[in-house]
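Sequential numbering of the sequence shown, starting at 38, is according to the working numbering. This report refers to the structure that appears directly beneath it.
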Amino acid sequence: MLSASRSLLSKCAKPSLLRTFSSYTPADGLVDPEWVQERIGKVRILDATLHLDPKREALREFKEQHIPGAQFFDINAVSDCQLKLPHMLPTAPFFKQCIEDMGLNDSDEIVVYDTHGLFSATRAWWMFRVFNRNAKVYVLNGGLPRWLAEKRPLESGNGYDTKQKGSFYVKPDYSLVCTFDEVMDLINAYKKGECSMTVIDTRPKGRFDGVVPEPRPGLTCGHMPGSVNIPFSSVVDPEKNFQFRSKEELRQLFESHGVDIQRKEPIVFSCGSGNTACAGLFAAHLLNRDAKGSVCVYDGSWSEYGAKPSAPYEKS
């Protein structure tokens, strides 16, 4: 049931006539604002916004404005809080509990978005993917910035009013998750000449190069030996409201960094805290890099790796 939140735009507000035609379909896991608006009340919509800036409060911003019928998906809360690392993947029972408490079912079509355009929505998509590979979860292409640019309706308030507990089937696929020990195995293999690359690091170039300090205190600056830097911001087009670049552009992006998206070895994505690495993984997914065991996210990422004094690192 949709909440009685007051509308921020009049009911007669119409989307822009200037439509951007996407080369993607829902089968790719990406949906456009028009697709979502036509299904409000039929699909479940989750605002999965996460901010690194401690002065910004994602939940407060959600209550100020969100897509009609949306719920707030708190990535920090739906995590393993017993670990000292930020928003680590929760246990399967806890994920199931959180999702069912939101009234979500495994039969639901679920759309995730964030207010940045692309930052944390793909993290939510990946979490669902880990715990139920067959869940029908989509990322809103362009997120809230594109929704706003197309002048689509908004509402304020607490969002979707959950009336009953959901039923969500969980069958974890941990091949999508990489650990510190597995990363170290890759680094050792790289040093022996047994592999050409260790991980794809999606942090901004300055942090990868080690010339810009990490936002979290106490971490080494630099990158893992053998890693390749493809900043997460490069997989979207800021001039098109942060829509994902076309498949051909994404393929060229990977190739320009020496990455064969069809390589036999698994592709591991890393970042600062396992968040934007999921944007890289999703880009690989759009290029059909989707077979079990072929791609994964280093969940601890630099928050874990950079805190270990014995972990080898390099600076550019």
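Every residue gets a Cβ at the ideal spot worked out from N, C-alpha and C, and that includes glycine.
In this structure the segment 236-251 touches the segment 302-317; the number of beta carbon pairs closer than 8 Å is three or more.
Burial check for T152: the Cβ neighbour count within 10 Å reaches 16 or more, so the residue is buried.
Judged by DSSP secondary structure, S307 falls within the beta strand (DSSP E) whose first and last residues are 304-307. Between the alpha carbons of W72 and D117 lies a gap of roughly 33 Å.
For the pair of segments examined, the segment 225-234 was found not to touch the segment 103-118: the number of CB pairs separated by less than 8 Å stays below three.
Scanning its chain for C-beta atoms nearer than 6 Å, with the 5 sequence neighbours on each side dropped, one finds around T235 the residues L223, I224, Y227, M261, G263, S264, in chain order. Between the alpha carbons of P275 and F205 lies a gap of roughly 35 Å.
In the DSSP assignment, V176 falls within the beta strand (DSSP E) that extends over 173-177.
DSSP, reduced to helix, strand and coil, places D238 within a strand of the structure shown. DSSP, reduced to helix, strand and coil, places R81 within a strand of the structure shown. Between the alpha carbons of K133 and Y211 lies a gap of roughly 15 Å. Just measuring C-alpha positions, the residue of P91, S283, T257, Q299 sitting nearest P346 is T257. Ranked by Cα distance from G330, the options L324, V305, G317 are led by V305. Around the beta carbon of T62, fewer than 16 other beta carbons lie within 10 angstroms, which makes this residue exposed. For the pair of segments examined, the segment 241-253 was found not to touch the segment 143-160: the number of CB pairs separated by less than 8 Å stays below three.
From the listed residues R160, S144, D65, the smallest Cα separation to D111 is found for R160. Taking the C-beta atoms as reference points, Y335 is found nearer than 9 Å to T216.
Around the beta carbon of V248, fewer than 16 other beta carbons sit within 10 angstroms, so the residue counts as exposed.
A distance below 9 Å separates the beta carbons of L323 and L287. When beta bridges are read from the DSSP output, D274 appears opposite Q280.
Listed in chain order, the beta strand (DSSP E) elements of length 3 or more contained wholly in the segment 80-116 are 81-84, 107-109. Following the DSSP letters along the chain, one finds Y335 inside the beta strand (DSSP E) bounded by residues 332-335. Nearest neighbour of L181 by Cα position, chosen from D198, K301, D84, C315, turns out to be D84. Around the C-beta of Q280, 16 or more other C-beta atoms lie within 10 Å, and the residue is accordingly described as buried.
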